[in-house]
Amino acid sequence: KQEVTQIPAALSVPEGENLVLNCSFTDSAIYNLQWFRQDPGKGLTSLLLIQSSQREQTSGRLNASLDKSSGRSTLYIAASQPGDSATYLCAVRRNSGNTPLVFGKGTRLSVIA
Amino acid sequence: EAGVTQFPSHSVIEKGQTVTLRCDPISGHDNLYWYRRVMGKEIKFLLHFVKESKQDESGMPNNRFLAERTGGTYSTLKVQPAELEDSGVYFCASSQDRGGIQYFGAGTRLSVL
Numbered sequence: 001k002q003e004v005t006q007i008p009a010a011l012s013v014p015e016g017e018n019l020v021l022n023c024s025f026t027d028s029a030i031y032n033l034q035w036f037r038q039d040p041g042k043g044l045t046s047l048l049l050i051q052s053s054q055r056e057q058t059s060g061r062l063n064a065s066l067d068k069s070s071g072r073s074t075l076y077i078a079a080s081q082p083g084d085s086a087t088y089l090c091a092v093r094r095n096s097g098n099t100p101l102v103f104g105k106g107t108r109l110s111v112i113a
Numbered sequence: 114e115a116g117v118t119q120f121p122s123h124s125v126i127e128k129g130q131t132v133t134l135r136c137d138p139i140s141g142h143d144n145l146y147w148y149r150r151v152m153g154k155e156i157k158f159l160l161h162f163v164k165e166s167k168q169d170e171s172g173m174p175n176n177r178f179l180a181e182r183t184g185g186t187y188s189t190l191k192v193q194p195a196e197l198e199d200s201g202v203y204f205c206a207s208s209q210d211r212g213g214i215q216y217f218g219a220g221t222r223l224s225v226l
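Chains as they are written, first to last, in the numbering used here: chain A, 1 to 113; chain B, 114 to 226.
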């Protein structure tokens, strides 16, 4: 059974810092991995999707890496801003596109001005 | 283009009553998913439609939950009769491809008293 863990559960950093959010999964046979952002009372916004054959994806100040063999992904946020404050969720899809996403509980990020 | 739309945004009902949640996916997305997050837990998969057919309903908790997607457009999720443990946030997501990016709605917060 696939399990996804995100550490830390909460993180507070001063504005301008670079930071890394961690995601680990127990079954390395994944199809892809998706990082989401959720603002309070809002839905999930997809940030990056990494296919199992890829090592990383970048979008603006965000960079997500994937090490499938070790069951880990990281989301790197450069030069953090108060607007980055949100809950970040990691989700993996098992070994085919027909399987559902399995989510971690998320990391709640606060960027202090 | 409109995103995934869910309504109501919040529903408060008493135990034993019936509630119907609705999801309108992004136009042209054949794949529609329902997920749920109960207090303190991670988001969990409920079921997956491909057009009007149920592809995977392995996450449905019990037979008090009934999902439909008539005509392959919008979907409804009915809970009858509702129990206290059904309280949580119900998310709907859609995607164009089975393994592609899933786009989420803002969710319906269900409170069963």
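Using N, Cα and C, we set each Cβ at its ideal position, and we do this for glycine too.
In the three-state reduction of the DSSP assignment, A/Asp84 falls in the helix class, which pools H, G and I.
Assignment of beta strand (DSSP E) within the stretch 143 to 197 of chain B, counting only whole runs of 3 or more residues, yields 144 to 150, 157 to 163, 166 to 169, 178 to 181, 188 to 192 in chain order.
Interface flag for A/Gln57 against chain B is unset, since no Cβ pair is found closer than 9 Å. Contact check between the stretch 8 to 17 of chain A and the stretch 171 to 184 of chain B: fewer than three CB pairs, one atom from each, fall below 8 Å, which does not count as touching. With respect to chain A, the C-beta atom of B/Tyr146 has a partner C-beta closer than 9 Å. Classified as buried, B/His142 has 16 or more neighbouring CB atoms from the shown chains inside 10 Å of its CB. Two segments are said to touch when three or more pairs of C-beta atoms, one from each, lie closer than 8 Å; by this definition the stretch 204 to 217 of chain B does not touch the stretch 102 to 109 of chain A. Beyond the five residues adjoining it in sequence on each side, B/Val125 comes within less than 7 Å, by CB distance, of Ser224, Leu226 in the same chain, given in chain order. By the C-beta density criterion, B/Leu179 is exposed, having fewer than 16 other C-beta atoms within 10 angstroms. In the three-state reduction of the DSSP assignment, B/Asp199 falls in the helix class, which pools H, G and I. Taking a Cβ-Cβ cut-off of 9 Å, the neighbours of B/Tyr216 in chain A comprise Gly43, Leu44, Thr45, Ser46, given in sequence order. Within its own chain, the residues whose Cβ lies closer than 8 Å to the Cβ of B/Gly184, once the five positions on either side in sequence are excluded, are Glu165, listed in chain order.
Using a CB distance cut-off of 9 Å, A/Phe25 does not count as an interface residue toward chain B. Counting along the chain, A/Gln6 sits inside the beta strand (DSSP E) bounded by residues 4 to 7. Going by C-alpha positions, A/Ala29 is about 23 Å away from B/Tyr216.
Nearest to A/Pro8 by C-alpha distance, out of A/Tyr88, A/Gly41, A/Pro100, A/Ser53, is A/Tyr88. Assigned with DSSP and collapsed to three states, A/Ala64 falls in strand. Here the C-alpha atom of A/Val92 lies approximately 5 Å from the C-alpha atom of A/Val102. When only Cα atoms are considered, A/Gln38 and A/Cys23 end up about 16 Å apart. Bridge partners of A/Ala91 according to DSSP: A/Gln34, A/Phe103.
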